[in-house]
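Asker: Residue numbers (my numbering), protein chains in the order written: chain A, 26 to 139; chain B, 113 to 226. Please read through the structure below; I'll follow up with questions.
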Amino acid sequence: DSGVTQTPKHLITATGQRVTLRCSPRSGDLSVYWYQQSLDQGLQFLIQYYNGEERAKGNILERFSAQQFPDLHSELNLSSLELGDSALYFCASTPGLAGFDEQFFGPGTRLTVL
Amino acid sequence: AQKITQTQPGMFVQEKEAVTLDCTYDTSDQSYGLFWYKQPSSGEMIFLIYQGSYDEQNATEGRYSLNFQKARKSANLVISASQLGDSAMYFCAIGTPGRRALTFGSGTRLQVQP
């Protein structure tokens, strides 16, 4: 158990809908990272938050957004969903900002868009 | 930009034998970290081992060791005495100070045969 929690574990929805994925980092970790793992794109970095502020952006679509709350949990919002958004979404956390700290991954949320 | 290349999409190994999973990397940073993660069929990402670019000794963690050859830019994972539970996808990743997130390779699927 990495100490990172993600809910829900599975999510099935329809095209055009909006969903919210939730992540709680390990106790004491200030950074949260979101990754998308799809069959054709592999593991792709989406976005990072540190202590409530956005600090880095990767291949995140404009239809996607995220935030980190004062209690450090984070939410990833996916809207106008398309079939291609079906993927496993991971949250990871680290204590600080460094790009080469070990990242502790949550169990992931498997999103299926029908 | 950095890149990770894993050239072995799939590998087979007999139980109790050792296996080497290949990873080469490309980065212009002098300081970086190399990581291996295991992803079993259940989907979670499990951290296995870390090697810093300035570490002179190869990293070891139990049955896992990292064969780090800096001049060749390779960071191969060696699993000794393979067990059936080692069957999984294995991802190599790199992190650098300038880029917050880890960059992952495409992975190697390892199957341990009894």
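All C-beta atoms in this analysis are idealised placements derived from N, C-alpha and C, irrespective of residue type, glycine included. Just so you know, these numbers come straight off a predicted model, no measurement behind them.
If you compare alpha carbons, which of B/131, B/128, B/147 is closest to residue 137 of chain B?
Answerer: Taking the first residue of the second sequence as position 1, residue 137 of chain B is located at position 25. The candidate whose alpha carbon is nearest that of residue 137 of chain B is B/147.
Asker: Starting from the beta carbon of residue 203 of chain B, find every residue of chain A whose beta carbon is closer than 8 Å, and list them in chain order.
Answerer: Translated into the one-based positions of the second sequence, residue 203 of chain B becomes position 91. Chain A residues near residue 203 of chain B: 68.
Asker: Among A/126, A/114, A/61, whose alpha-carbon lies nearest the alpha-carbon of residue 34 of chain A?
Answerer: Here the question's residue 34 of chain A lines up with position 9 in the first sequence. Residue 34 of chain A has its Cα closest to that of A/114, out of A/126, A/114, A/61.
Asker: Taking the straight line between their C-alpha atoms, what separation do you get for residue 86 of chain A and residue 41 of chain A?
Answerer: Along the first sequence, read from residue 1 onward, the residue named residue 86 of chain A stands at position 61. Along the first sequence, read from residue 1 onward, the residue named residue 41 of chain A stands at position 16. In a straight line, the C-alpha of residue 86 of chain A is about 15 Å away from that of residue 41 of chain A.
Asker: Whole-angstrom Cβ separation of residue 125 of chain B and residue 194 of chain B, contact assumed at under 8 Å?
Answerer: Within the second sequence, the letter at position 13 stands for residue 125 of chain B. Within the second sequence, the letter at position 82 stands for residue 194 of chain B. Right, the Cβ-Cβ distance comes to about 5 Å (below 8 Å), so this counts as a contact.
Asker: For a quick check, are the C-beta atoms of residue 115 of chain B and residue 215 of chain B less than 8 Å apart?
Answerer: Within the second sequence, the letter at position 3 stands for residue 115 of chain B. Within the second sequence, the letter at position 103 stands for residue 215 of chain B. In contact: residue 115 of chain B and residue 215 of chain B (Cβ atoms closer than 8 Å).
Asker: Show which residues of chain B have a CB atom less than 9 Å away from the CB atom of residue 58 of chain A.
Answerer: Position 33 of the first sequence holds residue 58 of chain A. The contacting residues are 212, 213, 214.
Asker: Since residue 122 of chain A meets chain B, which of its residues come closer than 8 Å, beta carbon to beta carbon?
Answerer: Along the first sequence, one-based indexing puts residue 122 of chain A at 97. In chain order: 212.
Asker: What residues match up with residue 145 of chain B in a beta bridge as DSSP calls it?
Answerer: Within the second sequence, residue 145 of chain B is the residue found at index 33, counting from 1. Residue 145 of chain B is bridged to B/164, B/207.
Asker: In three-state terms, what does DSSP make of residue 136 of chain A?
Answerer: Taking the first sequence and counting its residues from 1, the one referred to as residue 136 of chain A is at position 111. Residue 136 of chain A: strand per DSSP, three-state reduction.
Asker: Does the beta-carbon of residue 189 of chain B have 16 or more other beta-carbons within 10 angstroms, so that it is buried, or is it exposed?
Answerer: The residue labelled residue 189 of chain B in the question sits at position 77 within the second sequence. It is buried - the Cβ of residue 189 of chain B has at least 16 other Cβ atoms within 10 Å.
Asker: Say whether chain B places a C-beta atom closer than 8 Å to the C-beta of residue 83 of chain A.
Answerer: Sequence index remark: in the first sequence, residue 83 of chain A carries index 58 (1-based). Closer than 8 Å to some Cβ of chain B, the Cβ of residue 83 of chain A qualifies, so yes.
Asker: Alpha carbon to alpha carbon, how far is residue 130 of chain B from residue 202 of chain B?
Answerer: In the second sequence, counting from the first residue as 1, residue 130 of chain B sits at position 18. In the second sequence, counting from the first residue as 1, residue 202 of chain B sits at position 90. Residue 130 of chain B and residue 202 of chain B: Cα-Cα distance of roughly 15 Å.
Asker: Determine, for residue 133 of chain A, whether the minimum Cβ-Cβ distance to residues of chain B falls below 8 Å.
Answerer: Looking up residue 133 of chain A in the first sequence gives position 108. Output row for residue 133 of chain A: interface = yes.
Asker: Can you list, in chain order, the residues of the segment 104–120 of chain A whose Cβ is nearer than 7 Å to any Cβ on chain B?
Answerer: The residues in question are 113, 115.
Asker: Output, in chain order, the set of chain B residues within a Cβ distance shorter than 8 Å of residue 129 of chain A.
Answerer: For the purposes of this step, residue 129 of chain A is taken as residue 104 along the first sequence, with counting starting at 1. Result: 159.
Asker: Can you find a heavy atom of the ligand GDP that lies under 7 Å from the Cβ of residue 39 of chain A?
Answerer: By its list of ligands, the structure shown contains no ligand whatsoever, and the ligand GDP lies outside what it can speak to.
Asker: Could you name the residues of chain B that residue 93 of chain A contacts, counting a contact when the two beta carbons are closer than 8 Å?
Answerer: If you number the first sequence from 1, residue 93 of chain A lands on position 68. In chain order: nothing, as chain B lies at least about 14 Å away.
Asker: Under the assumption that residue 217 of chain B contacts residue 117 of chain B (Cβ atoms under 8 Å), give the Cβ distance between them as a whole number of angstroms.
Answerer: Working through the second sequence from its first residue, we reach residue 217 of chain B at position 105. Working through the second sequence from its first residue, we reach residue 117 of chain B at position 5. Confirmed, about 6 Å.
Asker: Have a look at residue 37 of chain A and residue 105 of chain A and give me their C-alpha separation to the nearest angstrom.
Answerer: As a position in the first sequence, residue 37 of chain A is number 12, starting the count at 1. As a position in the first sequence, residue 105 of chain A is number 80, starting the count at 1. Rounded to the nearest angstrom, the two C-alpha atoms are 14 Å apart.
Asker: Which residues mark the beginning and the end of the beta strand (DSSP E) in which residue 67 of chain A is found?
Answerer: Reading the first sequence from its first residue, position 42 is the one you call residue 67 of chain A. First-last of the beta strand (DSSP E) with residue 67 of chain A: 67–75.
Asker: Output the distance between the C-alpha atoms of residue 26 of chain A and residue 130 of chain A, rounded to the nearest integer angstrom.
Answerer: Taking the first residue of the first sequence as 1, we reach residue 26 of chain A at position 1. Taking the first residue of the first sequence as 1, we reach residue 130 of chain A at position 105. Near 9 Å, if we compare the C-alpha coordinates of residue 130 of chain A and residue 26 of chain A.
Asker: Let's test the definition: count the other Cβ atoms within 10 Å of the Cβ of residue 183 of chain B and tell me whether it reaches 16, buried, or not, exposed.
Answerer: The residue labelled residue 183 of chain B in the question sits at position 71 within the second sequence. With fewer than 16 other Cβ atoms within 10 Å, it is exposed.
Asker: So, is the C-beta of residue 125 of chain A closer than 8 Å to a C-beta in chain B?
Answerer: Start at 1 with the first residue of the first sequence, and residue 125 of chain A comes out as number 100. True, the Cβ-Cβ gap to chain B drops below 8 Å.
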